[in-house]
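Colleague: Mind looking over this structure? Questions follow.
Chains as they are written, first to last, in my numbering: chain Z, 1 to 364; chain R, 1 to 364.
Below, the structure is given as structure tokens:
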């Protein structure tokens, strides 16, 4: 990966390998196509217009986003089909913005409560185009979402409020885990919960043509005929967590933080100029430290402050000297991308582009 | 704290109580004055020109920052005395920017290695104004910094490289701890290490007029005659970590995240529309969850995703209903501030100002 970095790079910086990125994007698109799934990648992981465009060109039918303002950012970038995969609670401001979005793009929004469905219906009353809603289902992650059997009631209220109910969705966050068993179990939970919820919609006389699941760990693990849409996010770049749980290899890592060695306090210890304000602080139980160094796979990032990463090298391993530039793969890619104003794009040691993180900080 | 929030606030948002902020600023300024310490607050915690101005007006002689670009942001905001409290490794770009900064402001920079001191001297050769350097000392946190006895050698090399050596500094990060004992021990470590390092400079015939220590937990715990400058950062706002380790009370919390209840999946559970992209993911061993809810002090934020906080309420506690707006105090304030484009300033339910986070994302 070091050959990726241009000479004279100012660190810290996030650097993308566009060849690996393209391979990750086309591989997911191809897998979706061959198994008959619609693909609606989650744009929260990259937040860049240039990457959205590549996903759509590769065959994605639209994008998923997490917030109204993230939808606005991608609508401005020209994406015309957006699913806010979140149970939006529209205040007056968000209601106005949702109506404007519905005028500009094919808009889909999540609901997960009777009150939320009524409120969303009120917010979107009078919008020029119908807004499609999907009922969120809790498939075992226990965050938001209704139990499958309650999907019918929520869907009914949404339909009564003037919304067009088209299906169900879930986030199988419990699919993150060290063992492949966790991913398999979560994929089964998704299939079962989404299947029951879709049936509950149909029993209420509603449409359930979209059955949407999937984060990067569980995609492609379902039987045909149930789940019919994928919403993976992280796969474009992958990260140290995906590497640790085995959903990608080192060759699939498309984004690194470039960092300079600013201190060598001991033969087995170096300090880098990247910290939590570049890498993020996310650390799942399945990763060993605060990031992964591809050139020094036995090294561990044992300490992370805002602008310091302390790296411990195994005894006897020759480490990089003061002033060397090394690369660090973040634990969870969605956080560092959201901290950066731009991603540098480099190929064979040449800086070939700079992509603005157009949807950075779009939290409302 | 709820009375702070204006009606119709769009969530999530970071909201500052300017009265509490002003009290925190003047209290620290007064304590420094009365004990004879110079005060050079760390601006990384707030990154706002308006707060820098308040700190300087209250008596701070200058500010501390962590990076060259953070210094540039505050120089643009009119701050004319800046200490980059970091062992900067100047590449060609940083060298050019440091020279420009040295033309515009009274600039002080950290060094902690012989090679770094030489390189900094080369970088600043020919700058119009002399740049002062401080040698960083490891007082027990084991991040960057030399052992006290090595300060003389690094200082000598810096002086030979044309830099003006003026003293020593340290970050006593090991002062974070549940018990007051940890803070006391770290304060003693600071005094001893800085004292020995200052003596090492003097033994080398160098000046050691600045003896700079202190993060929020250890300030004011030193004996007179040793440490003579403070660099606390978090004290302007405080946070759930400072509350947990006992360096502030609830009444000293000057910044909250305003969040809407978007889901009530069970009587003892609510989900808020703030997640790690608003609150940050930092979690020290001394805090119970991912944030503190002042209106529901017995509640625990048990789960945090990018746009969801799952909050568990003790059995039988009436929780806020769907659509309610509540406040969450972040675990570590420096991270959420760096995620936001602006801070809302509210008094008695009125929005009175918006402060741009001018130094957001200044990592290089």
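Glycine residues also receive a C-beta, built at the ideal position from the N, C-alpha and C atoms.
Since we're looking at a predicted model, the values are computed, not measured.
(1) Between the alpha carbons of residue 1 of chain R and residue 235 of chain Z, how many angstroms are there, rounded?
(2) Short of 6 Å in beta carbon distance, which residues of its chain neighbour residue 132 of chain R, apart from the five on each side in sequence? Order them along the chain.
(3) Considering only the alpha carbon of each residue, which of R/203, R/172, R/5 and R/299 lies closest to residue 193 of chain R?
(4) When DSSP builds the beta bridges, which residues end up paired with residue 87 of chain R?
(5) Looking at residue 113 of chain Z: is its Cβ nearer than 9 Å to the Cβ of residue 359 of chain Z?
(6) So which residues on chain Z does residue 334 of chain R lean against when the C-beta distance must stay under 7 Å?
(7) How would you write the range of the alpha helix (DSSP H) that residue 265 of chain R sits in, first residue to last?
(8) Step through the CB atoms of chain R and report whether any lies within less than 9 Å of the CB of residue 1 of chain Z.
(9) Taking the straight line between their C-alpha atoms, what separation do you get for residue 4 of chain Z and residue 346 of chain Z?
(10) Would you call the region 264-283 of chain Z and the region 213-226 of chain Z touching, i.e. three or more CB-CB distances under 8 Å?
(11) How about the region 37-47 of chain R and the region 307-326 of chain R: do they share at least three Cβ pairs that are nearer than 8 Å?
(12) Counting only the same chain and skipping the five closest in sequence on each side, list residues whose C-beta sits under 6 Å from that of residue 158 of chain R.
(13) Which two residues bound the contiguous alpha helix (DSSP H) that contains residue 269 of chain Z?
(14) CA-CA distance, residue 243 of chain Z and residue 249 of chain Z?
(15) Flag residue 45 of chain R as yes when its Cβ comes closer than 8 Å to any non-hydrogen atom of the ligand PLP, and as no otherwise.
(16) Are residue 272 of chain Z and residue 261 of chain Z touching if we call contact CB-CB under 9 Å?
(17) Leaving out five residues before and five after residue 20 of chain Z in sequence, what residues of the same chain have Cβ atoms less than 8 Å from its Cβ?
(18) So who's on the other strand from residue 198 of chain R, going by DSSP bridges?
(19) At the 9 Å Cβ level, is residue 88 of chain Z part of the contact set with chain R, yes or no?
(20) Counting only Cβ-Cβ distances shorter than 9 Å, please list the residues of the region 7-27 of chain Z near chain R, keeping chain order.
(21) Output needed for residue 306 of chain R: all residues of its chain with C-beta closer than 6 Å, excluding positions within five of it in sequence on either side, in chain order.
(22) So, helix, strand or coil for residue 279 of chain R, using DSSP?
(23) Could you tell me how far apart the beta carbons of residue 82 of chain R and residue 90 of chain R are, in whole angstroms, since I believe they sit closer than 8 Å?
(24) Residue 344 of chain Z CB to nearest chain R CB: under 9 Å?
(25) Below 8 Å on the Cβ atoms is my contact criterion, and I expect residue 314 of chain Z with residue 295 of chain Z to pass it. Report the Cβ-Cβ distance as a whole number of Å.
(26) In chain order, which beta strand (DSSP E) runs of at least 3 residues are fully inside the region 53-77 of chain Z?
(27) Report the neighbours of residue 340 of chain Z on chain R: residues whose CB is nearer than 9 Å to its CB, in chain order.
(28) Any residues in the region 161-185 of chain Z with a beta carbon nearer than 9 Å to a beta carbon of chain R? Which ones, in chain order?
(29) Using CA atoms only, rank isn't needed, just tell me which of R/10, R/240, R/140 and R/304 is closest to residue 270 of chain R.
(30) DSSP puts residue 81 of chain Z in a beta bridge; with which residues?
(31) Cutting at 7 Å between CB atoms, please list the residues of its own chain near residue 148 of chain R, excluding the five before and the five after it.
(32) Using a Cβ-Cβ cutoff of 9 Å, what residues of the region 252-265 of chain R are near chain Z? List them in chain order.
(33) Return the first residue and the last residue of the beta strand (DSSP E) that residue 309 of chain R is part of.
(34) Smallest Cα separation from residue 18 of chain R: which of R/351, R/160 and R/364?
(35) Would the beta-carbon of residue 12 of chain Z fall within 9 Å of that of residue 364 of chain R?
Modeller: Looking at the coordinates:
(1) Only weak support exists for where residue 1 of chain R lies, its pLDDT of 48 falling under 50; the value from the coordinates is given anyway. Whole-angstrom Cα-Cα distance: 41 Å.
(2) 108, 164 and 166
(3) R/172
(4) Partner(s): R/110.
(5) no
(6) 306
(7) Not the alpha helix (DSSP H): residue 265 of chain R falls in the beta strand (DSSP E), residues 255-266.
(8) Here residue 1 of chain Z scores only 48 on pLDDT, less than 50, and its place in the model is too uncertain to base an answer on.
(9) 6 Å
(10) no
(11) no
(12) 111, 117, 133 and 165
(13) Counting along the chain, residue 269 of chain Z falls outside any alpha helix (DSSP H), though it belongs to the beta strand (DSSP E) covering 269-272.
(14) 6 Å
(15) Questions concerning the ligand PLP fall outside what the structure shown contains, since it holds no ligand whatsoever.
(16) Cβ distance < 9 Å, so residue 272 of chain Z and residue 261 of chain Z count as in contact.
(17) 251, 252, 253 and 254
(18) Answer is none; residue 198 of chain R lacks a bridge partner.
(19) Yes, contact with chain R.
(20) 8, 9, 10, 11, 12 and 13
(21) 275, 276 and 277
(22) helix
(23) No, residue 82 of chain R and residue 90 of chain R are not in contact; Cβ-Cβ is about 16 Å, not under 8 Å.
(24) no
(25) Between residue 295 of chain Z and residue 314 of chain Z the Cβ distance is about 14 Å, and since that is not below 8 Å, they are no contact.
(26) 63-65
(27) 361 and 363
(28) 171 and 173
(29) R/304
(30) Z/106
(31) 137, 193, 196, 197 and 200
(32) 260, 261, 262, 263, 264 and 265
(33) For residue 309 of chain R, the enclosing beta strand (DSSP E) covers residues 309-312.
(34) R/351
(35) Judged by their CB atoms, residue 12 of chain Z and residue 364 of chain R are nearer to each other than the 9 Å cut-off.
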